[in-house]
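Before any comments, here is the structure.
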Amino acid sequence: MLCTMKAIQVHRAGGPEVLQLSDLPTPSPGPGQVLIRVKAAGLNFADILYVAGEYLVRTRYPTVPGMEFAGIIEALGEEVAGLQVGQRVAALGGSGAFAEYAVVHARSVLPVLPSMSAAEAAAFPVSYFTAYFALQTQARAQPGEWVLIQAAAGALGTASIQIAKALGLRVVALASSEEKLALCRSLGADVTLLNTQDNLVDAVKNATEGHGVDILMEVVGGAGFAQSLKMLAYRGRLLVIGSASRELAQIYPVGLMKGNQSVMGVWLTPFLSDPALMQAATAFLMPLLASGKVKPVVGERFKLEEAARAFDFVLSRKNTGKVILEP
Ligand SMILES: NC(=O)c1ccc[n+]([C@@H]2O[C@H](COP(=O)([O-])OP(=O)(O)OC[C@H]3O[C@@H](n4cnc5c(N)ncnc54)[C@H](OP(=O)(O)O)[C@@H]3O)[C@@H](O)[C@H]2O)c1
16 MLCTMKAIQV HRAGGPEVLQ LSDLPTPSPG PGQVLIRVKA AGLNFADILY
66 VAGEYLVRTR YPTVPGMEFA GIIEALGEEV AGLQVGQRVA ALGGSGAFAE
116 YAVVHARSVL PVLPSMSAAE AAAFPVSYFT AYFALQTQAR AQPGEWVLIQ
166 AAAGALGTAS IQIAKALGLR VVALASSEEK LALCRSLGAD VTLLNTQDNL
216 VDAVKNATEG HGVDILMEVV GGAGFAQSLK MLAYRGRLLV IGSASRELAQ
266 IYPVGLMKGN QSVMGVWLTP FLSDPALMQA ATAFLMPLLA SGKVKPVVGE
316 RFKLEEAARA FDFVLSRKNT GKVILEP
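Using my numbering, you'd call the opening residue of the sequence shown number 16 and step up by one each time.
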């Protein structure tokens with residue numbers, strides 16, 4: 016292991032132009048920590064917001080972004096049990112993954128199945144845990160219910176289609192192109208609709224035989240939020256999971272009363288420090304992965320030094336599945 020490493024460093028808030036390939040000291044693991052050689056890192060929309068200083072946690076510059084990755088354990092800090100140097104693992108949480116090496120707490124380390132590539136393992140944690148917590152923990156999805164998934168061909172979207180089908184839900188998938196909708200159908204979506212079409216509310220109502228959707232995974236926000244509320248069924252739950260439009264949305268709370276409807280937030284980060292919920296999620300997800308019933312959709316792959324192009328790619332809505340950065 017060299018004492019310096021390549022990393023994407025950010026000194027100020029901004030878009031892809033602030034990402035700098037830098038030589039930084041290779042971190043060493045403290046007590047309870049693990050040093051991992053990064054083989055592949057997942058690029059999430061949250062990384063774009065984090066770099067821009069618009070995420071739910073404050074960004075402290077300079078920083079190395081990247082919150083999920085897969086790789087090989089290089090060194091263990093003191094007091095780490097149950098992990099071994101040379102082991103293939105994935106990791107979730109914090110920052111620092113857009114680098115050749117990253118240090119994480121041992122409790123942030125996840126197992127990797129032998130059948131999974133590094134890119135698949137890196138594409139898994141954020142999207143699949145979020146999909147599970149959104150549908151199962153927050154919405155308490157019941158088999159047979161309708162779920163509408165926005166940005167359904169993206170990283171979270173493709174994971175959500177797979178988890179929704181595993182939970183016995185009926186899926187309406189929205190995306191911005193026919194190619195993206197074809198991917199959604201291949202993953203099991205029952206109904207696919209272009210999010211650009213006129214009268215989307217009517218189209219969703221027709222597709223669900225007038226019922227509306229029981230659960231709506233809202234990730235765009237802004238002006239479309241009011242439209243999402245109109246798609247909800249009686250006792251429908253609208254999950255606020257993201258705001259890719261980066262625009263404010265308005266809500267009229269009294270309007271929820273007539274249909275006994277709910278609007279609820281979903282954020283992965285607080286769930287990560289709840290051991291009981293993490294255990295339940297892992298127990299649900301790992302057998303599905305092992306059986307091949309769910310399989311992370313790996314999208315475009317970029318070299319670490321192409322991080323700015325990768326950010327541009329996601330911002331211009333070209334990606335399907337998870338964009339991967341490889342050191
Ligand atoms: N709450 C949480 O814990 C959590 C966890 C994971 C993700 N998320 C959120 O879920 C959403 C998806 O995240 P992801 O990482 O999986 O990204 P992604 O879906 O792979 O990519 C973003 C997608 O959002 C759609 N989109 C709509 N308006 C957009 C805009 N103005 N600019 C760019 N994209 C736009 C595009 O799909 P179309 O072209 O098909 O419209 C685009 O492909 C984001 O809002 C993210 O913040 C939240």
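By construction, the Cβ of each residue, glycine as well, lies at the ideal position given by its N, Cα and C atoms.
None of these values were measured; they are calculated from a predicted model.
* Confirm, please, whether the CB-CB distance from A190 to A350 is below 8 Å. => For residue 350 there is no data in the structure shown, the boundaries of the chain being 16 and 342.
* Using a threshold of 7 Å, is the CB atom of S243 nearer than that to any non-hydrogen atom of ligand 1? -> Here residue 243 corresponds to residue number 228 of the sequence shown, with the count starting at 1. S243 Cβ: outside cutoff for every heavy atom of ligand 1.
* Asked: So V186 and G203 are in contact, right, with Cβ under 8 Å, and what is the actual spacing, rounded?
  -> In the sequence shown, residue 186 corresponds to position 171, counting from 1. In the sequence shown, residue 203 corresponds to position 188, counting from 1. Yes, V186 and G203 are in contact; Cβ-Cβ is about 7 Å, under 8 Å.
* Go ahead and pull the three-state DSSP assignment for T284. => Reading the sequence shown from its first residue, position 269 is the one you call residue 284. Note: T284 maps to helix in three-state DSSP.
* Asked: Exposed or buried, which one is P285 when buried takes at least 16 other CB atoms within 10 Å?
  -> Within the sequence shown, residue 285 is the residue found at index 270, counting from 1. Exposed, by the Cβ-count rule.
* Mapping DSSP to helix, strand and coil, what is P40? -> Here the question's residue 40 lines up with position 25 in the sequence shown. Here DSSP, grouped into helix, strand and coil, assigns P40 to strand.
* Asked: Taking contact to mean at least 3 C-beta pairs separated by less than 8 Å, is the region 81-92 in contact with the region 135-142?
  -> As far as the Cβ criterion goes, the region 81-92 touches the region 135-142, which means the pair count is three or higher.
* Asked: Considering only C-alpha positions, which residue in the set Y65, V79 and R73 is nearest to K344?
  -> Because the chain in this structure spans residues 16 to 342, residue 344 falls outside the shown range and cannot be described.
* To do: Within the region 141-174, note down every full beta strand (DSSP E) run reaching 3 residues or more, in order along the chain.
  => Runs of the beta strand (DSSP E) inside the region 141-174: 161-164.
* What separation, rounded to the nearest whole angstrom, lies between the Cα atoms of V95 and V127? -> If you number the sequence shown from 1, residue 95 lands on position 80. If you number the sequence shown from 1, residue 127 lands on position 112. Note on geometry: alpha-carbon atoms of V95 and V127 lie some 18 Å from one another.
* To do: Measure how close the beta-carbons of V49 and G92 come, nearest whole angstrom, since I'm counting them as under 8 Å.
  => Translated into positions along the sequence shown, residue 49 becomes position 34. Translated into positions along the sequence shown, residue 92 becomes position 77. Rounded, the Cβ-Cβ distance is 7 Å, consistent with contact.
* Which residue comes first and which comes last in the beta strand (DSSP E) that contains A322? -> For this step, residue 322 is matched to residue 307 along the sequence shown. No beta strand (DSSP E) holds A322; the alpha helix (DSSP H) holding it covers A322 to L330.
* To do: List the DSSP bridge partners of V186.
  => One-based indexing of the sequence shown puts residue 186 at position 171. Per DSSP, V162.
* To do: Would you kindly work out how many angstroms separate the C-alpha atoms of L115 and V219, rounded to a whole number?
  => Here residue 115 is taken as the residue at index 100 of the sequence shown, counted from 1. Here residue 219 is taken as the residue at index 204 of the sequence shown, counted from 1. The sequence given here has Glu at residue 115, not Leu. The straight-line gap from Cα to Cα measures roughly 45 Å.
* Asked: Based on the DSSP secondary-structure assignment, which residues constitute the bridge partners of I88?
  -> On the sequence shown, position 73 is the one that residue 88 refers to. Per DSSP, the beta bridge partners of I88 are I51.
* Exposed or buried, what is R261 when buried is set at 16 or more other beta-carbons lying within 10 Å of its beta-carbon? -> In the sequence shown, counting from the first residue as 1, residue 261 sits at position 246. It counts as exposed.
* Asked: Should F60 be counted as a contact of ligand 1 given a C-beta to heavy atom distance under 7 Å?
  -> On the sequence shown, residue 60 is found 45 positions in, with the first residue counted as 1. Yes; taking the cut-off as 7 Å, the Cβ of F60 has a heavy atom of ligand 1 nearer than that.
* Sheet register partners of K69 (DSSP bridge) -> Here the question's residue 69 lines up with position 54 in the sequence shown. Lys is not the amino acid found at residue 69; the sequence shown has Glu there. For E69, which the question treats as bridged, DSSP gives no partner whatsoever.
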